[in-house]
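**Q** The structure that follows is given in the form of structure tokens.
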Amino acid sequence: MHFPTTLNRADAETLLIHEADLLDTRQLDDWLKLFTEDGLYWIPLDPAEEPGQNAAIVHDDTLRREERVYHLLHVEFPAQSPPSRTLHLIGNVRVQEHEEGFLVKSNQVIYEMRTGDSAQVGIGEIQPLVTTMEHICRPTDQGMRIVRKTITLMNHDAWLGNLTFLL
Numbered sequence: 200m201h202f203p204t205t206l207n208r209a210d211a212e213t214l215l216i217h218e219a220d221l222l223d224t225r226q227l228d229d230w231l232k233l234f235t236e237d238g239l240y241w242i243p244l245d246p247a248e249e250p251g252q253n254a255a256i257v258h259d260d261t262l263r264r265e266e267r268v269y270h271l272l273h274v275e276f277p278a279q280s281p282p283s284r285t286l287h288l289i290g291n292v293r294v295q296e297h298e299e300g301f302l303v304k305s306n307q308v309i310y311e312m313r314t315g316d317s318a319q320v321g322i323g324e325i326q327p328l329v330t331t332m333e334h335i336c337r338p339t340d341q342g343m344r345i346v347r348k349t350i351t352l353m354n355h356d357a358w359l360g361n362l363t364f365l366l
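Residue numbers (my numbering): 200 to 366.
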């Protein structure tokens with residue numbers, strides 16, 4: 200089977216839309232397969248820093264991503280009971296070459312809500328998360344895979360509510 204070694208904007212958009220669909224439909228085991236074995240899922244506190252320099256909102260290597268997905272799918276815990284529903288809107292996709300493959304930049308708005316008991320604060324309200332994302336992608340024998348997904352929240356330096364779901 201032949202897999203592309205280049206990445207144009209249309210193919211990058213297809214990859215981002217596929218990833219968003221997997222997240223929005225909670226096909227999280229399939230989402231895990233989009234990453235390389237050394238892949239990183241990272242939400243920095245300070246977007247000017249590099250991964251591992253300081254504390255982060257999320258800093259998940261392969262094992263930590265697998266643990267997070269297992270908990271989201273198989274363990275009932277209050278912050279995700281009931282589970283969040285999400286909807287990703289993707290725009291301003293740009294692609295450039297990168298030393299590890301390709302850098303795909305995008306702006307995304309992720310809408311999140313949870314249903315449940317009306318006594319719970321924020322339940323039933325739709326919460327938008329405005330982000331810029333960078334996906335470093337590498338061609339592999341299985342197709343284009345994510346080496347690093349960096350999510351910069353517009354409000355990274357403000358109070359953040361329930362981020363116990365995947366962006």
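Note that the Cβ used here is the ideal one computed from N, Cα and C, for glycine as well. Computed from a prediction, not measured in an experiment: that's the story for all the values here.
Mind checking which residues open and close the beta strand (DSSP E) that includes Val292?
**A** Here the beta strand (DSSP E) through Val292 covers Arg284 to His297.
**Q** Please state whether DSSP places Pro277 in a helix, a strand or coil.
**A** Three-state result, Pro277: helix.
**Q** Measuring straight from C-alpha to C-alpha, what distance separates Tyr269 and Leu231?
**A** Cα to Cα, the separation comes out at about 11 Å.
**Q** Can you tell me whether His201 is buried or exposed, with buried defined as 16 or more other CB within 10 angstroms of its CB?
**A** Low confidence applies to His201: its pLDDT is 49, below 50, so where it sits in the model is not reliable, and the reading given next is rough at best. Label assigned to His201: exposed.
**Q** When you compare the CB positions of Ile289 and Ile242, do they come within less than 8 Å of one another, or not?
**A** The answer is no: Cβ separation not under 8 Å.
**Q** For Val292, which residues in the same chain have their Cβ closer than 7 Å to its Cβ, ignoring the five residues on either side in sequence?
**A** Once the five neighbours on either side are set aside, the close Cβ partners of Val292 are Arg208, Ala211, Glu212, Leu215, Val303 and Ser305.
**Q** Is the region 353-361 touching the region 235-254, taking contact as three or more C-beta pairs under 8 Å?
**A** Short answer: they touch.
**Q** Going by DSSP, name the residue or residues bridged to Trp241.
**A** The partner list for Trp241 (beta bridge, DSSP) reads His258 and Thr349.
**Q** Verify whether the separation of the beta carbon atoms of Thr363 and Thr330 is less than 8 Å.
**A** No, the pair does not count as a contact, with Cβ atoms beyond the cut-off.
**Q** Closer than 7 Å by C-beta to Leu272: which residues in its own chain qualify, once you throw out the five before and the five after it? Chain order, please.
**A** Once the five neighbours on either side are set aside, the close Cβ partners of Leu272 are Leu227.
**Q** Would Arg264 and Phe301 qualify as a contact pair, given that the criterion is a beta-carbon distance under 8 Å?
**A** Going by C-beta atoms, Arg264 is not nearer than 8 Å to Phe301.
**Q** Can you check whether the CB of Thr285 is closer than 8 Å to the CB of Ile322?
**A** For Ile322 and Thr285, no; Cβs fall outside 8 Å.
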